[in-house]
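In my numbering, the protein residues as written are 9 to 104.
Pasting the structure below:
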């Protein structure tokens, strides 16, 4: 897990889990810090620490901020659903 700190205040965190041969992303940005570019920054910086391989994340369509970040960083996307049948975007990127 990595924590992004700005002026001594934690603003975002990211973690990665290796599962089924790919790195699954989980990240969050503090509510008061959203819309300031911290999501893009923490995801970009976190990916720098990963070895080559597939990086993946799942995002609910209502989370437009995260959808925008994954698209901005060049992730491929596919619409799918979770175990309850709710819509999800699955994003992936192959890091070389």
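Where a beta carbon is used, it is the ideal one built from N, C-alpha and C, also for glycine.
- Secondary structure at residue 76: helix, using DSSP grouped into helix, strand and coil.
- In the DSSP assignment, residue 89 falls within the unbroken beta strand (DSSP E) covering 84-89.
- Looking at 64, 91, 88, the one whose alpha-carbon comes closest to that of residue 82 is 64.
- Judged by DSSP in its simplified three-state form, residue 44 adopts coil rather than helix or strand.
- Under the DSSP assignment, residue 17 falls in the beta strand (DSSP E) whose first and last residues are 17-27.
- If you compare the alpha carbons of 71, 70, 16, 9 with that of residue 31, the shortest gap goes to 9.
- Residue 40 sits exposed, since fewer than 16 C-beta atoms from the chains shown fall within 10 Å of its C-beta.
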